[in-house]
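Each protein sequence line maps, in turn, to chains A and B. 203 is the number that numbering that gives the first Met the number 0 gives to position 204 of the first sequence; each next residue is one higher, with no gaps. 223 is the number that numbering that gives the first Met the number 0 gives to position 224 of the second sequence; each next residue is one higher, with no gaps.
2 protein chains.
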Amino acid sequence: MSINPNVAVVASLLGETSRSTMLSSLMDGRFHTASELAFMSAITPQTASFHLSKLVEGNLINVEKHGRHRYYQLANKEVAHLIETFLAISPPPEVRSLKQSNQVKLLQEARTCYDHLAGKLGVALTNSMLNANYLKKEDRVFIVTLKGEQFFTDFGIDLTELKRKRRSFSHACLDWSERHYHLGGALGNGLLTHFFELNWIVHVPSIRAVKVTDRGREGFKQIFNINM
Amino acid sequence: MSINPNVAVVASLLGETSRSTMLSSLMDGRFHTASELAFMSAITPQTASFHLSKLVEGNLINVEKHGRHRYYQLANKEVAHLIETFLAISPPPEVRSLKQSNQVKLLQEARTCYDHLAGKLGVALTNSMLNANYLKKEDRVFIVTLKGEQFFTDFGIDLTELKRKRRSFSHACLDWSERHYHLGGALGNGLLTHFFELNWIVHVPSIRAVKVTDRGREGFKQIFNINM
DNA sequence: TCTATACTTCAACTATAATCGAAATATAAA
DNA sequence: TTTATATTTCGATTATAGTTGAAGTATAGA
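#1: Can you tell me which of the three DSSP states B:PHE141 falls into?
#2: Taking A:LEU186 and A:LEU161 to be in contact with their CB atoms under 8 Å, please state how far apart those CB atoms are, rounded to whole angstroms.
#3: Please confirm if A:GLY14 has its CB atom under 7 Å from at least one CB of chain B.
#4: Quick one: which unbroken alpha helix (DSSP H) runs of 4-plus residues sit fully inside the region 106-154 of chain B? Chain order, please.
#5: Going by C-alpha distance, which of A:LEU120, A:GLY147, A:ILE156, A:THR125 is nearest A:ASN226?
#6: On the criterion of 16 or more Cβ atoms from any shown chain inside 10 Å, does B:ASN224 qualify as buried, or is it exposed?
#7: Would you verify that the beta carbon of A:SER1 is, or is not, closer than 7 Å to some beta carbon of chain B?
#8: Under a Cβ-count criterion, where at least 16 other Cβ atoms within 10 Å of its own Cβ denotes burial, should B:GLU83 be classed as buried or exposed?
#9: Where B:LEU13 and B:SER24 are concerned, what is the direct C-alpha to C-alpha distance, given to the nearest angstrom?
#10: Considering only heavy atoms of the ligand MN, does any lie closer than 6 Å to the CB of B:GLY183?
#11: Run through DSSP, which three-state label would B:GLU63 get?
#12: Counting only beta-carbon atoms, is B:THR84 nearer than 7 Å to chain A?
#13: Starting from the C-beta of A:LEU124, find all residues in its chain whose C-beta is less than 8 Å away, skip the five residues before and the five after it, and write them out in chain order.
#14: Just curious, the alpha helix (DSSP H) that B:LEU186 is in, first and last residue?
#15: Who are the neighbours of B:GLU137 on chain A, taking C-beta pairs under 8 Å?
#16: Could you tell me whether the Cβ atoms of A:GLY184 and A:TRP199 are closer together than 7 Å?
#17: Measuring CB atoms only, is the region 142-154 of chain B touching the region 71-83 of chain B, in the sense that at least three cross pairs come out at less than 8 Å?
#18: Below 8 Å on the Cβ atoms is my contact criterion, and I expect B:GLN72 with B:PHE30 to pass it. Report the Cβ-Cβ distance as a whole number of Å.
#19: In its own chain, which residues sit with a C-beta less than 8 Å from the C-beta of A:LEU36, not counting the 5 before and 5 after it?
#20: May I ask which residues mark the beginning and end of the beta strand (DSSP E) holding B:ILE42?
#21: So what's A:HIS80 in DSSP terms, helix, strand or just coil?
#22: By the DSSP assignment, the alpha helix (DSSP H) with B:ILE222 in it spans what residues?
#23: How many Å lie between B:ASN61 and B:GLU108 at the Cα?
#24: Quick one: grab the DSSP three-state call for A:ALA74.
#25: Return the CA-CA distance between B:LEU59 and A:ASP153, expressed in angstroms with no decimal places.
#26: Counting only Cβ pairs nearer than 7 Å, list the residues of chain B close to A:HIS202.
#27: Give a yes or no on whether the minimum CB-CB distance between B:LEU197 and chain A is below 7 Å.
#28: If the cut is a Cβ gap below 8 Å, which residues of chain B does A:GLU160 touch?
#29: Ends of the alpha helix (DSSP H) at A:VAL203?
#30: Verify the CB distance criterion: does B:SER34 have a CB-CB separation below 7 Å to chain A?
#31: Expressed to the nearest angstrom, what Euclidean distance is found between the alpha-carbon atoms of A:ILE2 and A:TYR113?
#32: Where B:PHE150 and B:GLU63 are concerned, what is the direct C-alpha to C-alpha distance, given to the nearest angstrom?
#33: Where does A:HIS68 sit, in a helix, a strand or coil, going by DSSP?
#34: Would you identify the three-state DSSP class for A:HIS170, choosing helix, strand or coil?
#35: Pull out every residue of the region 107-126 of chain B whose Cβ sits closer than 8 Å to any Cβ of chain A, in chain order.
#36: Pull up the distance between the alpha-carbon of A:MET0 and that of A:ASP157, whole angstroms please.
In structure tokens:
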């Protein structure tokens, strides 16, 4: 006689290692095919198919058919937020192989969290903008100061455009590896997109880590006073 | 080879109906004994004991021994936040009995969410304070205006005392029944406590609903312009 | 048309988690 | 000390979810 909305239904979808690994893989905000997801969670395509259909049925992910491929994506940012909440509370994974420990290091260094920047780089960037008085932290959001408005505009980011989007503008997202807040929301996404455009960062294949390019190293130093 | 902190470990604890029911019951922020929790989730004491020890081991709840009773409590507000995030995303429960549907109605009307007010009353209260310009919503937090500071002080709430507490001061908490934000954090807790002190609301036994007293009906009308 | 690839469906197997009766422990009260 | 209550531990049962091999469907390309 559960009185509450059925928490267990959704939680049991996340409570299985293969499925949670797939969802974590989708946290980079990009599309992935069924076979990619099967490989990442080390199960056969049959098993992946079984799990993916459960996740679709539970409205945690979406599918798009393109030819013989099926592209999967997180259903919405509520789901991403739910998973990130978990990451902040869950025990760290046991490290088994050298490769894995390197991947963990890469992810800790810099990664995407749904659609904005996280990891050491994400936190350093956020702190840098706080120090420079571009942002002010107010509980669970960051407020853009007057100085900040000038800065973002100069840096090539259209704030009015971002504010029009029907989503959180600048919320503080808790970082599971750094245990610090970093900038999320439309503004966080705007910055991430701009860093890709400027070629300051590139994707690391198969995991959601990003790598800082030489140009990026220079840029982050000059504009944000961050030494990589 | 999961690279991320192990989401599945925590999620699988929540992914079982008896356990999630217990955790939902603990969302009223109060202590409950093992037998109470067993009764609420309609399982035998043996089974409850089994589940509770798993939840303690997983750091989702705490125990305190007092005589032959064991008092359980949510471990921290991160756990409460996680569960509320779930409630916002999970499908609504199937209604089976008249009693249950009445309980759902009571919960929708007014309930505690961890340690602050939620449900229709919680949302109405928050909206009232927004309309009166005591609060201003900024993304995921509420900011207390100058007018608001005056109001809260006059109403008998010590803001400086609340701000000293090492917790979020006034975050916006998404309401699963109303699908609207209501006031949480230390300020939300301060208000709830004060309503109890003023005898405006009383606990409804065995569920986390609260009932508005006659005095409360008058008070909410006069001070917050809310008709119950 | 034929072949390779991406993915799903079906059926069978296996492992494991939830459940509860019975018995044990621990405390409170009489 | 005895009795009642709260809770845990143990052992056995049952149900179910995850897994994969085999076979089928759908699409792309030669």
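All residues carry an ideal CB built from backbone N, CA and C; glycine is no exception.
Judging by the given coordinates:
#1: It is a strand residue.
#2: Yes, they are in contact, since the Cβ atoms of A:LEU186 and A:LEU161 sit about 6 Å apart, within 8 Å.
#3: It does: the Cβ of A:GLY14 has a partner Cβ on chain B nearer than 7 Å.
#4: Within the region 106-154 of chain B, the complete alpha helix (DSSP H) runs of at least 4 residues are 118-130, 145-154.
#5: The shortest Cα separation from A:ASN226 among A:LEU120, A:GLY147, A:ILE156, A:THR125 belongs to A:LEU120.
#6: By the 10 Å Cβ count, B:ASN224 comes out exposed.
#7: Confidence at A:SER1 is low in this model, with a pLDDT of 39, below 50, so the placement of that residue is unreliable and no value is reported for it.
#8: Around the Cβ of B:GLU83, a 10 Å sphere holds 16 or more other Cβ atoms; the residue is buried.
#9: Near 13 Å, if we compare the C-alpha coordinates of B:SER24 and B:LEU13.
#10: Inclusion of the ligand MN in the displayed structure is not the case, the ligand content being empty and no account of it being possible.
#11: Of the three classes helix, strand and coil, the one that applies to B:GLU63 here is strand, per DSSP.
#12: Interface residue, yes.
#13: Same-chain partners within the cutoff: LEU116, HIS181, LEU182, LEU190, PHE219, PHE223, ILE225.
#14: Counted as a single uninterrupted DSSP element, the alpha helix (DSSP H) harbouring B:LEU186 occupies residues 184-196.
#15: Ordered by position in chain A, the residues that pass the 8 Å Cβ test against B:GLU137 are GLU137, VAL140, ILE142.
#16: In this structure, the beta-carbon distance from A:GLY184 to A:TRP199 does not fall below 7 Å.
#17: Counting C-beta pairs closer than 8 Å gives fewer than three between the region 142-154 of chain B and the region 71-83 of chain B, which falls short of the contact rule.
#18: Contact holds; Cβ gap of about 5 Å.
#19: Correct list, in chain order: MET21, SER24, LEU25, ALA47, LEU51, TYR71.
#20: Note, B:ILE42: premise wrong, no beta strand (DSSP E); not H, not E.
#21: DSSP places A:HIS80 within a helical segment (H, G or I) once states are collapsed to three.
#22: Where B:ILE222 is concerned, the enclosing alpha helix (DSSP H) stretches over 213-223.
#23: Across the structure, B:ASN61 and B:GLU108 are spaced so that their CA atoms are roughly 29 Å apart.
#24: Reduced to three states, the DSSP call for A:ALA74 is coil.
#25: Linking B:LEU59 to A:ASP153 through their CA atoms gives a straight-line distance of about 46 Å.
#26: Per Cβ cutoff of 7 Å: no residues; A:HIS202 is ~15 Å from chain B at best.
#27: By the rule that beta-carbons nearer than 7 Å mark a contact, B:LEU197 does not touch chain A.
#28: Contact of A:GLU160 with chain B by beta-carbon distance below 8 Å is absent, the smallest such distance being about 17 Å.
#29: Segment: none, A:VAL203 is in no alpha helix (DSSP H) and carries neither H nor E.
#30: B:SER34 does not count as touching chain A.
#31: At A:ILE2 the pLDDT is 48, less than 50, meaning the model places this residue with poor confidence and gives no usable figure here.
#32: Straight-line Cα distance between these residues: approximately 39 Å.
#33: It is a strand residue.
#34: Reduced to three states, the DSSP call for A:HIS170 is strand.
#35: The region 107-126 of chain B vs chain A, Cβ under 8 Å: nothing.
#36: Legend: pLDDT at A:MET0 = 32, less than 50; position of this residue unreliable, value from coordinates given subsequently. When rounded, the separation of the alpha-carbon atoms in A:MET0 and A:ASP157 is 51 Å.
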